[in-house]
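Here my numbering is used: the first residue of the sequence shown is 99, the next is one more, and so on.
Just so you know, even glycine gets a beta-carbon here, dropped at the ideal spot from N, CA and C.
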Amino acid sequence: MEKTKRVRNLNIEILRIFAMVLIVACHGMLHITWLLNADHESIYKPGWKSSLTYLIVQYGQVGVSIFFIISGFFLVNKTFNWTRIFKTWFQMFCYGALVLAAITIASSLTILPSDIAELFHGDDLIRTAFAIITPFFYGTYWFITAYICMLLLLPFLNTLFDNLSEHYIGAFIAILAMFGIWGIFFGRVGGWNDVTYAILGYMVGGWIRKYGDQHTRLLKTGYLWLAIIGSTLFLVLFNHVLMSDSGLVMLLGWRGQARPGVQSIPMIIGAAIFILVNRVNMTSVPQGIQTFTLKLAASTFGVYLLHENMFLYRLIWPAVTRIVPVPNSMWSKGLLLVACVLIVYVTTSLIAFLIDTLIMHPLERRILVFAH
99 MEKTKRVRNL
109 NIEILRIFAM
119 VLIVACHGML
129 HITWLLNADH
139 ESIYKPGWKS
149 SLTYLIVQYG
159 QVGVSIFFII
169 SGFFLVNKTF
179 NWTRIFKTWF
189 QMFCYGALVL
199 AAITIASSLT
209 ILPSDIAELF
219 HGDDLIRTAF
229 AIITPFFYGT
239 YWFITAYICM
249 LLLLPFLNTL
259 FDNLSEHYIG
269 AFIAILAMFG
279 IWGIFFGRVG
289 GWNDVTYAIL
299 GYMVGGWIRK
309 YGDQHTRLLK
319 TGYLWLAIIG
329 STLFLVLFNH
339 VLMSDSGLVM
349 LLGWRGQARP
359 GVQSIPMIIG
369 AAIFILVNRV
379 NMTSVPQGIQ
389 TFTLKLAAST
399 FGVYLLHENM
409 FLYRLIWPAV
419 TRIVPVPNSM
429 WSKGLLLVAC
439 VLIVYVTTSL
449 IAFLIDTLIM
459 HPLERRILVF
469 AH
């Protein structure tokens, strides 16, 4: 696991890009009208095609899991730092405020789509204001709210690693994972929430950093691929049963599990992918490609903040739907989804790079200098 800093960082940055592509694909699958169109139609359709469709949605959770695992891997040996939390919060706030300003200006120049215009009227206006002004407390971005909570808990989680044996750390991870499986029993998930999810990912990443090298037999490449393939097939089968109208599905309350699936399974897949990619020798990658990859990965957080913004996702996916012709087969849908995801990713990445370089980072530096 221990490599030179540059090579290890390249592996991790590739993982960041891959994870965010999975997240964008998940959202594209949900919002594009010729796919699930979850904003306007029933999302429960029986059959294997629907099962595979929801597998893509659930692989978005694999992407989220990878981000949490990366955090644990790097932060398990770090100390608590308020600056780290401020930077995360400030980027979230800054992006939200900039998009709101842009939408407000646009509203004076043109007619906004109805589902955006309604956010500025009545009770929705109050909710919109809270979502922009207090994104952390309002939970505007669930992933980032969970991430900040995880950062707040960092000293306590690291204390567990410093004072508990590997056996107890493993037991703690198993208990957290059990909370994620709990949901398949009657749909009542009392022990699982977004923060539990983040803590589980952090603990898994920390375990890999602390103990991964001691378990080379357990973490053989073949076993890791078996975990990925087996977990993926399990999700497909689970989706197939979930989409049926059987009494078992109704009894166990599985309908609410369509989007997340069995919530600990994506963490297993994410951990296996993390270890496999982190083992790849990147020393032969040309310096130019390394530099480009590192710069592209630096915008992944911004990609999330833009494409999941409460205004922009209502613009991005309808625009994609209008521009792209409606495909007439499953294979053409898959190819067009890949194209749409890459276009959205690259476009939002470029915008994020400009925002970070010209606005967000300069403001952040000024605030931090003033604070110190």
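About 5 Å separates the Cβ atoms of residue 229 and residue 238, confirming a contact at the 8 Å cut-off. The closest CA to that of residue 192, considering only 440, 433, 407 and 438, is found on 407. Unbroken beta strand (DSSP E) runs of no fewer than 3 residues, entirely contained in the segment 121-190, are not found. Taking C-alpha positions only, residue 169 is separated from residue 412 by approximately 30 Å. Looking from the CA of residue 113, the closest CA among 144, 143, 165 and 127 belongs to 165. In the structure shown, the three-state DSSP call for residue 239 is coil. Looking at the backbone, the Cα of residue 200 and that of residue 365 are separated by about 37 Å. In the structure shown, the three-state DSSP call for residue 283 is coil. In the structure shown, the three-state DSSP call for residue 406 is coil.
Buried is the label assigned to residue 446, since at least 16 other Cβ atoms lie within 10 Å of its Cβ. Assignment of residue 232 by DSSP, reduced to helix, strand and coil, places it in the coil class. The beta-carbon separation of residue 301 and residue 273, rounded to 10 Å, does not stay under the 8 Å limit for a contact.
Counting only runs that start and end inside the segment 348-430, the alpha helix (DSSP H) elements of at least 4 residues fall at 363-377, 385-395, 398-405 and 411-421.
About 6 Å separates the beta carbons of residue 128 and residue 155, which is inside the 8 Å limit, making them a contact pair. Using a C-beta cut-off of 8 Å, the segment 303-316 makes no contact with the segment 335-355, since fewer than three inter-stretch Cβ pairs fall below that distance. Taken through DSSP and simplified to helix, strand or coil, residue 341 comes out as coil. Nearest Cα to residue 433 within the set 118, 270 and 132: 132. Judged by their CB atoms, residue 174 and residue 368 are not nearer to each other than the 8 Å cut-off.
Around the beta carbon of residue 420, fewer than 16 other beta carbons lie within 10 angstroms, which makes this residue exposed. With respect to residue 121, residue 187 sits apart: the two C-beta atoms are not nearer than 8 Å.
Excluding its 5 nearest sequence neighbours in each direction, residue 324 has no C-beta neighbour in its own chain below 7 Å. Counting the other Cβ atoms within 10 Å of the Cβ of residue 321 gives fewer than 16, which makes it exposed.
Residue 464 carries a helical assignment under DSSP once its states are collapsed to helix, strand and coil. By the neighbour-count criterion, in which a residue is buried when 16 or more other Cβ atoms sit within 10 angstroms of its Cβ, residue 109 is buried.
The Cβ neighbour count for residue 111, taken over all protein chains shown within 10 Å, is at least 16; the residue is labelled buried.
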